[in-house]
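Mapping the sequence shown onto our numbering, position 54 (from 1) lands on 54, and the numbers just tick up by one. In this text, a Cβ means the ideal position worked out from N, Cα and C, and glycines have one as well. The structure presented is a predicted model; accordingly, all values stated were derived computationally and were not measured. Structure record follows, encoded as structure tokens.
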Amino acid sequence: TLHDTHNSGFGCVYIAFNAHPFEVKVSLPKAPQGRKWCRLVDTNLPSPRDFTPGGNAGVDAVYGVASYSAIVLVSKQL
Numbered sequence: 001t002l003h004d005t006h007n008s009g010f011g012c013v014y015i016a017f018n019a020h021p022f023e024v025k026v027s028l029p030k031a032p033q034g035r036k037w038c039r040l041v042d043t044n045l046p047s048p049r050d051f052t053p054g055g056n057a058g059v060d061a062v063y064g065v066a067s068y069s070a071i072v073l074v075s076k077q078l
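As structure tokens, this is what we get:
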């Protein structure tokens, strides 16, 4: 997890890679106060759904990272 320690408004970033031949469920760290985790990239999704400019509407506290894929989540203001 990369944190926005300078309060520049970009939020935090969470990146996970799965090199296994099976899905791995990751428990996301608590998002900073007043924010939620939103999917920016999931390389398992078909193009153009694999990238969501600005992030999607939000994800659950546990995210399934598909085999041989990566995710990038960003924290967004509620």
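If you check the beta carbons only, do S67 and C12 fall under 8 Å apart? As a working mapping, residue 67 is identified with position 67 in the sequence shown. As a working mapping, residue 12 is identified with position 12 in the sequence shown. Against a cut-off of 8 Å, the Cβ pair of C12 and S67 comes out as no contact.
For Q33, the three-state DSSP class (helix, strand or coil): The residue labelled residue 33 in the question sits at position 33 within the sequence shown. Q33: coil per DSSP, three-state reduction.
If you check the beta carbons only, do T52 and R35 fall under 8 Å apart? If you number the sequence shown from 1, residue 52 lands on position 52. If you number the sequence shown from 1, residue 35 lands on position 35. Not closer than 8 Å, so no.
Beta strand (DSSP E) segment containing F79, residue limits: This structure does not reach residue 79, given that the chain is present from 1 up to 78, and the question cannot be answered.
Nearest to L78 by CA position, among N56, F17 and P29, is which residue? Your numbering for residue 78 matches position 78 in the sequence shown. Measuring from the Cα of L78, the nearest candidate turns out to be N56.
By Cβ distance, which residues of its chain are closer than 7 Å to V59, with the 5 residues on each side in sequence left out? On the sequence shown, position 59 is the one that residue 59 refers to. Only W37, C38, R39 and L73 meet the Cβ criterion.
Among residues of its own chain, excluding the 5 on either side of D50, which ones have a beta-carbon nearer than 7 Å to its beta-carbon? Locating residue 50 in the sequence shown gives position 50, where the first residue counts as 1. For D50, where only same-chain residues beyond five positions count, the Cβ hits under 7 Å are V41, D42 and T43.
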